[in-house]
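Written below as C-alpha cells is the structure these notes are about.
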Amino acid sequence: DNLRIVEVFPRKGMTGLATKSLVMLSQDTLFGVPIAGDYSVFPATVLVDEIAHQWNYYKVMFPNYLAEGISQYTSDLFMESYVDPDTMEERMEAYRKAYADVVELLEELKSHKDNGETIEEVAEKMGLSAEETEAYWQYADYGEVPITDPNIYVSLYFLKGALAIDALRNELGDEDFFA
Numbered sequence: 017d018n019l020r021i022v023e024v025f026p027r028k029g030m031t032g033l034a035t036k037s038l039v040m041l042s043q044d045t046l047f048g049v050p051i052a053g054d055y056s057v058f059p060a061t062v063l064v065d066e067i068a069h070q071w072n073y074y075k076v077m078f079p080n081y082l083a084e085g086i087s088q089y090t091s092d093l094f095m096e097s098y099v100d101p102d103t104m105e106e107r108m109e110a111y112r113k114a115y116a117d118v119v120e121l122l123e124e125l126k127s128h129k130d131n132g133e134t135i136e137e138v139a140e141k142m143g144l145s146a147e148e149t150e151a152y153w154q155y156a157d158y159g160e161v162p163i164t165d166p167n168i169y170v171s172l173y174f175l176k177g178a179l180a181i182d183a184l185r186n187e188l189g190d191e192d193f194f195a
C-alpha cells in the first residue's frame with residue numbers, strides 16, 4: 017500500500033483527516049508552522065496521529081471512538097521518543113485534568129438535577145448552551161461518560177482512550193507493552 021499526504025482547503029480551521037492510504041491536512045496545518053526537525057510542533061503531531069489511523073482504523077478496524085484514543089496515544093509515544101521523554105507524563109496529566117473537569121461538570125449537573133432544575137435553568141446558571149448541557153445531562157446520575165457517545169465532547173475519546181492505553185502500559189510495564 018502507498019500512503020499519500022495531500023493539502024486540502026476546508027472553509028476554516030486547522031484540519032487533519034485520514035482515509036485509507038490517504039492523509040489530508042489543511043493548508044494551515046501543513047504549512048502553518050514548519051516542522052524542520054522540530055517534532056513538537058502541531059503539524060508534526062497531527063501528521064503522526066493521522067498516519068496512526070492507517071493501522072488502527074483501516075487495518076485493524078477499531079471503531080472510531082477507539083481508533084482516536086489509539087492515534088492520540090501514538091502521537092504521545094512519538095513525542096516521548098522524539099521530543100522529550102517527560103512529555104508523556106505531562107500529556108497524561110493534562111488528559112487526567114481534562115477528564116476530571118468532565119467528571120466535575122457531571123457532579124455539578126447532578127446537584128442541579130437533584131434540585132429539580134431544568135436543563136434550560138442549569139445551562140443559564142452555568143453559562144452553557146442548552147445543547148451542551150443536554151449532552152451531559154443524561155450521564156449526571158452516573159458521574160461517568162461513556163467513550164462511545166459521539167454527542168459528548170468529541171475530544172473525550174481522544175483523551176479517555178489515551179489514558180486507558182497508558183494505564184495498560186503502566187500495568188504491563190514497558191517491556192511487555194512494547195513486545
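As numbered in the numbering used here, residues 17 to 195 make up the sequence shown, in order.
Here a beta-carbon is modelled for each residue, glycine too, at the ideal position from N, C-alpha and C.
Leaving out the 5 sequence neighbours to the left and right, which residues in its chain are closer than 6 Å to residue i when beta-carbon positions are compared?
| i | result |
| --- | --- |
| I181 | Y89 |
| E66 | G32, A34 and V39 |
I'd like to know whether the C-beta of residue i is nearer than 8 Å to at least one C-beta of chain C.
| i | result |
| --- | --- |
| E23 | No chain C appears in the structure shown, which is made up of a single protein chain. |
Within the same chain, show all residues whose beta-carbon is closer than 7 Å to that of residue i, passing over the 5 residues directly before and after it, in chain order.
| i | result |
| --- | --- |
| D190 | none |
| D133 | Correcting the residue type first, residue 133 is Glu in the shown sequence and not Asp. So no residue of the chain qualifies. |
| N18 | S37 |
| Y155 | L122 and V161 |
Any idea if residue i is buried or exposed, counting beta-carbon neighbours within 10 angstroms, 16 or more meaning buried?
| i | result |
| --- | --- |
| M77 | exposed |
| R107 | buried |
| V62 | buried |
Is residue i helix, strand or coil when you go by DSSP?
| i | result |
| --- | --- |
| I21 | strand |
| M77 | coil |
| A151 | helix |
| G177 | helix |
Taking C-alpha atoms, which residue in the options lies nearest to residue i?
| i | options | result |
| --- | --- | --- |
| D44 | I86, E123 and P26 | P26 |
| G159 | P79, E124 and A52 | E124 |
| H128 | Q70, M142 and D117 | M142 |
Tell me which same chain residues have a C-beta within less than 8 Å of the C-beta of residue i, skipping the five on either side of it?
| i | result |
| --- | --- |
| Y98 | Y55 |
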